[in-house]
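Everything below concerns the one structure shown next.
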Amino acid sequence: MGHILLPDWVKGHLWYYGNSNIPTKTDFERIRSKLTKLISPDPDITIAIPAFNEQNNIVRTLSSISESGTSMATEILVIDNNSTDKTGEIAESLGAKVINEPAQGVSFARQKGLLNAKGKYYISADADTIYPPGWIDEITKPLSDSNVACAYGIYSFIPPSDTTRIKFSLYEFARSILFWFKRRQKEYLLVRGANFSFRVLDGLKVGGFDTSDKVLEDGRMGLALSNLGALSFVGSEKARAWTAARRLTSEGNLSTAFLNRFKKEIKSEN
């Protein structure tokens, strides 16, 4: 049924602002030191992270990326999308390059990242998501095959501090059943912004991220890239991202949120 419990390595990046479990100066120095070793002015890989008021999450995300352990030269772009908090300041203090995008919306932010990417490969990430050790190499590995245009992984939810993982794992199990049907029909809908990669030149060739709508820019990019080559699902744990469950919990109680999401998943099959 999947992960009933939150993996220990994820817990290692979960600081909760507003209580005693917050990142210390030592934590910041450790993360910055590891990211400095990862980041290169002549990168093979660009990791682009859109962010809007994510000061409570960006440290978690960058902390997890600092543990990726890749040997490939990397750049980390945080695209600050009009944040009114300290998102950009924190990201920059940890060594990420911060770029401002005045047009509001994640599609504009992802496009800004692509247009500023120096790497050969582009990894799309999110600022409220934690990534496993080995993720950078794992999510880009399929792109060594010239027949593959896009690689994508899966994600699981990080429960709020007052909620267990059990209900989320049940939802993820049900979602996994639809996942396999969708791979045969509309695989591009499985490409999610928090966890996929492609060649920068291919992304530019298809016109970049579609900014005509504020949503589904990830799936549309997957669809466009599918005209250039195969979409490749990376199913290993090294490619499983762990993302905040706030979009689910904002829809009301978990049962209602799960039902709404499940209806959307089924509708997308038609």
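First residue of the sequence shown: 1122, per the working numbering; consecutive thereafter.
Positions of the beta carbon are idealized from the N, C-alpha and C atoms, including for glycine.
- Between I1125 and S1290, the C-beta gap is smaller than 7 Å, which places the two residues in contact.
- By the Cβ test, the segment 1260-1273 is not in contact with the segment 1215-1232, since fewer than three Cβ pairs between them sit closer than 8 Å.
- Taking C-alpha positions only, R1286 is separated from V1131 by approximately 13 Å.
- CA-to-CA, the gap between T1205 and I1166 works out to about 29 Å.
- The continuous alpha helix (DSSP H) containing V1180 extends over residues 1179-1187.
- With respect to the C-alpha of D1247, the residue from L1344, P1162, P1171 having the closest C-alpha is P1171.
- Within the model, the alpha-carbon separation for V1227 versus S1245 is close to 11 Å.
- If you ignore the 5 residues before and after G1255, its C-beta comes within less than 7 Å of the C-beta of S1189, G1190, K1359, all in its own chain and listed in chain order.
- The DSSP-derived three-state label of A1295 is helix.
- S1333 counts as exposed, since fewer than 16 other C-beta atoms from the protein chains shown sit within 10 angstroms of its C-beta.
- Non-local beta-carbon contacts of I1220 in its own chain, meaning distances under 8 Å to residues more than five positions away in sequence, involve L1198, V1199, I1200, D1201, K1233, G1234, N1237 in chain order.
- Along the segment 1305-1379, the alpha helix (DSSP H) occurs as fully enclosed runs of 4 or more residues at 1321-1326, 1338-1346, 1367-1370, listed in sequence order.
- Separation of P1162 and L1344 (C-alpha to C-alpha, rounded to the nearest whole angstrom) is 31 Å.
- Boundaries of the beta strand (DSSP E) around L1198: 1195-1201.
- Counting C-beta atoms within 10 angstroms of its own C-beta, G1356 has fewer than 16 neighbours from the protein chains shown and is therefore classed as exposed.
- With contact defined as three or more Cβ pairs closer than 8 Å, the segment 1149-1160 and the segment 1308-1322 are not in contact.
- Under DSSP, K1218 shares a beta bridge with L1198.
- Non-local beta-carbon contacts of V1327 in its own chain, meaning distances under 8 Å to residues more than five positions away in sequence, involve M1342, A1345, L1346, N1348, L1349 in chain order.
- The three-state secondary structure of T1250, taken from DSSP, is strand.
- With a 10 Å radius around the Cβ and a threshold of 16 neighbouring Cβ atoms, F1330 comes out buried.
- Under the criterion of beta carbons closer than 8 Å, Y1242 and V1321 qualify as touching, at roughly 7 Å.
- The segment 1251-1284 is shown to contain whole alpha helix (DSSP H) runs of 4 or more residues at 1256-1261, in chain order.
- In this structure, the beta-carbon distance from D1339 to R1361 does not fall below 7 Å.
- Restricting attention to S1184, L1337, M1193, P1128, the CA atom closest to the CA of P1144 is found in S1184.
- About 6 Å separates the Cβ atoms of I1160 and T1195, confirming a contact at the 8 Å cut-off.
- Judged by DSSP secondary structure, I1152 falls within the alpha helix (DSSP H) whose first and last residues are 1146-1159.
- When secondary structure is reduced to three states using DSSP, S1245 falls in the strand class.
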